[in-house]
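Terminal number for the sequence shown in UniProt numbering: 299, no gaps in between.
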Amino acid sequence: IPEIQRPAVSQVNEKIFTSDSFSELDLHPHLVATLNKVLNVSMVTNVQKQTIPALLSGRDAVVRSQTGSGKTLSYAVPVVQSLQAVQPKICRSDGPLAVVIVPTREVQSEVVDNNSGVSLSLKAEKARLRKGINILVSTPGRLVDHIKHTLSIAFSAVRWLILDEADRTLDLGFEKDLTVILNSLNSAGPSRQNVLLSATLTHGVTRLADVCLNDPVNIQVSGPA
Ligand code: ADP
Ligand code: MG
Numbered sequence: 075i076p077e078i079q080r081p082a083v084s085q086v087n088e089k090i091f092t093s094d095s096f097s098e099l100d101l102h103p104h105l106v107a108t109l110n111k112v113l114n115v116s117m118v119t120n121v122q123k124q125t126i127p128a129l130l131s132g133r134d135a136v137v138r139s140q141t142g143s144g145k146t147l148s149y150a151v152p153v154v155q156s157l158q159a160v161q162p163k164i165c166r167s168d169g170p171l172a173v174v175i176v177p178t179r180e181v182q183s184e185v186v187d188n189n190s191g192v193s194l195s196l197k198a199e200k201a202r203l204r205k206g207i208n209i210l211v212s213t214p215g216r217l218v219d220h221i222k223h224t225l226s227i228a229f230s231a232v233r234w235l236i237l238d239e240a241d242r243t244l245d246l247g248f249e250k251d252l253t254v255i256l257n258s259l260n261s262a263g264p265s266r267q268n269v270l271l272s273a274t275l276t277h278g279v280t281r282l283a284d285v286c287l288n289d290p291v292n293i294q295v296s297g298p299a
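This is how it looks when you write it as structure tokens:
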């Protein structure tokens, strides 16, 4: 009796995970259209190929890949996709749905520009926080400033914590500020998804991952995007 010919399981998985197009990733059509039209991207990079499905499935992840490989969209796409389901409002008083920690003001601008925002003065930020925002992108120092001085800041709605460029954040000596932020988030909120992204996996980064992530998927992409 001849063996039944059917694709091996790994081939089936490969078909899902080797797709090169955002339109194959089970994303909201508006999100795919925005990626195509506004950001002019249609093909996923290697790191996005692995990270987006892992995050969409609800897992935490530690992601290591080199600078320029496309790590921002690897978390921004699943964050925006998942927040569609909770219908983000223009005004919200229960605080941000996602918190993205970046090492420097420059990276903050890069990430926010990807999402169309502007940078504000501390006073303007306080007013903005009071009014409510959906995705907060901040350096550790600035966020600790708000935790200590912006009384109305709330973390009870946070569903995502992203530590972008974690290696640089630690290099710049922000470990203590990260601890303040983590304690504040942990005491405020229900469970959330946590993602750590880094170009290098130093001892400090691994330790931070141990503290921040729950049973993370480990994603390592070597070489260029
Ligand atoms: P990393 O965080 O890994 O250093 P970035 O997320 O900053 O990388 O992305 C590097 C550059 O590649 C950015 O200019 C970004 O707009 C661009 N980019 C990211 N993803 C894609 C994609 N899928 N297609 C085309 N360009 C992309
Ligand atoms: Mg980056």
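Glycine included, each C-beta is placed from N, C-alpha and C at the ideal position.
If we count the other Cβ atoms within 10 Å of its Cβ and call it buried at 16 or more, is Asp134 buried or exposed? buried
Please classify Asp168 as buried or exposed, where buried requires at least 16 other C-beta atoms within 10 Å of its C-beta. exposed
Going by C-alpha to C-alpha distance, which of Asp94, Arg266, His277 and Leu113 sits closest to Val186? Closest by C-alpha distance to Val186, out of Asp94, Arg266, His277 and Leu113, is Leu113.
Could you check where the beta strand (DSSP E) with Asn268 kicks off and where it finishes? Gln267 to Ser272
Cβ neighbours of Ile90 in the same chain (closer than 6 Å, five flanking residues each side left out): At Ile90, the pLDDT of 45 sits below 50, so the modelled position is not reliable; the number obtained from the coordinates is stated separately. Once the five neighbours on either side are set aside, Ile90 has no close Cβ partner at all.
Where the beta strand (DSSP E) through Asn292 begins and ends: Val291 to Val295
As a quick exercise: from Ala198, Arg204 and Ala240, pick the residue whose alpha carbon is nearest that of Thr213. Ala240
Just list the alpha helix (DSSP H) runs in the stretch 200-277, keeping only unbroken ones of 4 residues or longer that don't cross its boundaries, in chain order. 214-223, 240-245 and 249-262
Per DSSP, Arg138 is paired with what? Among the bridge pairs identified by DSSP, Arg138 is matched with Ser272 and Gln294.
Can you look up Ser195 in the DSSP assignment and give me helix, strand or coil? In the structure shown, Ser195 adopts coil according to DSSP, grouped into three states.
Restricting to Cα atoms, I'd like to know which of Asp219, Val295 and Asn288 is closest to Gly132. Asn288
Per DSSP, Ala172 forms a beta bridge with which residues? Ile209 and Trp234
Express the C-alpha separation of Leu196 and His223 in angstroms, rounding to a whole number. 11 Å
Do Asp134 and the ligand MG come close, with the Cβ less than 7 Å from some heavy atom? no
Indicate whether Ser139 and Val121 have their beta-carbon atoms separated by less than 8 Å. yes
Counting Cβ pairs, one atom from each stretch, are 3 or more of them under 8 Å apart for the stretch 150-160 and the stretch 272-287? No: the two stretches stay apart, fewer than three of their Cβ pairs being nearer than 8 Å.
Ser148 by DSSP, collapsed to three states: which one? The answer is helix: DSSP assigns Ser148 an H, G or I state.
Own chain residues within Cβ distance below 6 Å of Ala172, not counting five before or after: Val153, Ile209 and Trp234
When we look at the beta-carbon of Gln124 and count the other beta-carbons within 10 Å, is it buried (16 or more) or exposed? buried
Does the Cβ-Cβ distance between Ile175 and Asp245 come in under 8 Å? In this structure, Asp245 does not lie closer than 8 Å to Ile175 by Cβ.
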